[in-house]
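As given, the protein sequences belong to chains A and B, one line each in that order.
Using this note's numbering, count along the first sequence one by one with no gaps and you end on 137.
Using this note's numbering, count along the second sequence one by one with no gaps and you end on 1135.
By construction, the Cβ of each residue, glycine as well, lies at the ideal position given by its N, Cα and C atoms.
Written below as structure tokens is the structure these notes are about.
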Amino acid sequence: MTKTLTLEGDLGTVDARTAITTQGSVVAPSLVTPAAAKKIDRIVCACAPDGLAVGSGVFFLRLGGSAVQRGEQTIMVSSAGVIAVQAGSDAAPNVNFPIIIENADIDVSGGDTIAVSAEMAGSDLGTGHIVVTLIFA
Amino acid sequence: MTKQYRSREGEATAVDTKTQLTTLGSETAPGPLLVPAGMTKLAAAIVAASANYAAATGSSGLVRLEGPGLPAGPEVLAATAEGSNVATGGAHTSRAVIIPLDVPVTTSQEILIFGEMVGTDVGQMSFGVTLVFSS
């Protein structure tokens, strides 16, 4: 049986670790892994910037906390580029469909706290918006 | 099977120039990327790459893996291909890609990761690479 944990947040500063702790209307979801969990089996994650600054950069996850048995794992999830900030009808949206990592096989301990954070690296592209689902097994 | 994920990122700002990826966001000096203890192979690479299109042209990007952690020698991976016909506006976002591999590694030895913008110079290309090790 699998169990999910979905978290989301905003990355407002480049090269800054940002804890991802909310879930929309649920402002403080539990960060405790399911009691029977032995590993993170899959990861689903999407991240895109608003493009309010120019440059190119990447976005990555950090999975840590006492539940992750072999220490913090870092995982690239997306990248983006902005030529020039646009306004009005010329503006192009940034859309990022999620990456799905099957058989992630990250060892965790059940009933322990997981810490999920993320970063924008490279150029500051405005604010990055990230949503991630961890699927425990 | 257990997996471990190790990442680096950086920017290539000159065309046809090998650029080592040495940072990880807020970690400006994370040190050498060593093959974790107990890991026997590189099972995949997760690659994210995007350009800023400061020049109206096109380019592709590749990732090079080198170093004593790879006993069978270096590997080179396709990362991205991009182009823009103007340098005055536009934006894009790309999800990272998972490249399955089966490459032997040497525990506790270093793997060097390089990004390279190839073709024509689009300005700047950002690379993020995660190495997925397995036992």
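- Apart from the five residues just before and just after Ser1007 of chain B, which ones in its own chain have a Cβ nearer than 7 Å to its Cβ? Leu1024, Gly1128, Val1129 and Thr1130
- Local conformation of Gln90 of chain A per DSSP, three classes: Just to set this straight, residue 90 of chain A is Asp in the shown sequence, not Gln. Per DSSP, reduced to three states, the secondary structure at Asp90 of chain A is helical.
- Query: Going by C-alpha distance, which of B:Ile1098, B:Ser1026, B:Phe1133 and B:Ala1055 is nearest Thr1106 of chain B?
  - Reply: B:Phe1133
- Query: Which residue from B:Ala1078, B:Gly1090 and B:Gln1109 puts its Cα closest to that of Val1097 of chain B?
  - Reply: B:Ala1078
- What does a CB cutoff of less than 6 Å around Gly1067 of chain B pick up in its chain, not counting 5 residues either side in sequence? Taking C-beta separations shorter than 6 Å and ignoring five residues to either side along the sequence, the partners of Gly1067 of chain B in its chain run Glu1110, Ile1111 and Leu1112, following chain order.
- Query: According to DSSP, is Ala35 of chain A helix, strand or coil?
  - Reply: coil
- Item | Within chain B, the residues that Met76 of chain A reaches when beta carbons sit closer than 8 Å | Ser1007, Glu1009, Ile1046, Val1047, Ala1048, Ala1096, Gly1128, Val1129 and Thr1130
- Taking the alpha-carbon positions, what's the Ala1051 of chain B to Thr1028 of chain B distance? About 21 Å.
- Task: Could you tell me if Leu1065 of chain B is buried or exposed, where buried requires 16 or more neighbouring beta carbons within 10 angstroms of its beta carbon?
- Result: buried
- Message: Do Ala104 of chain A and Lys38 of chain A count as a contact pair if the criterion is CB distance below 9 Å?
- Response: no
- Other residues of its chain near Ser1108 of chain B: CB distance less than 7 Å, five sequence neighbours each side excluded: Leu1034, Val1035 and Ala1037
- Grouping DSSP H, G and I as helix and E and B as strand, with all else coil, what is Leu1033 of chain B? coil
- Can you give me the Cβ contacts of Thr1093 of chain B inside the same chain, cut-off strictly under 6 Å, excluding the 5 residues immediately before and after it? Excluding sequence neighbours, Thr1093 of chain B sits near nothing in its chain.
- Short CB-CB distance (under 9 Å) between Ser66 of chain A and chain B: no
- Asp10 of chain A, DSSP secondary structure in three states: strand
- Task: Note down, in chain order, each residue of its chain lying with its Cβ closer than 7 Å to the Cβ of Ser1135 of chain B, except the 5 sequence neighbours on either side.
- Result: Met1001, Thr1002, Gly1038, Met1039 and Thr1040
- Query: Taking Cβ positions only, does Leu982 of chain B come closer than 9 Å to chain A?
  - Reply: Look at the range of chain B in this structure, 1001 to 1135, and you will see that residue 982 of chain B is not part of it.
- When you check each C-beta in the region 1067–1098 of chain B against every C-beta of chain C, which residues fall closer than 9 Å? Looking for chain C here will not work: the only protein chains present are A and B.
- Query: Are there 16 or more other CB atoms within 10 angstroms of the CB of Ala1072 of chain B, so buried, or fewer, so exposed?
  - Reply: exposed
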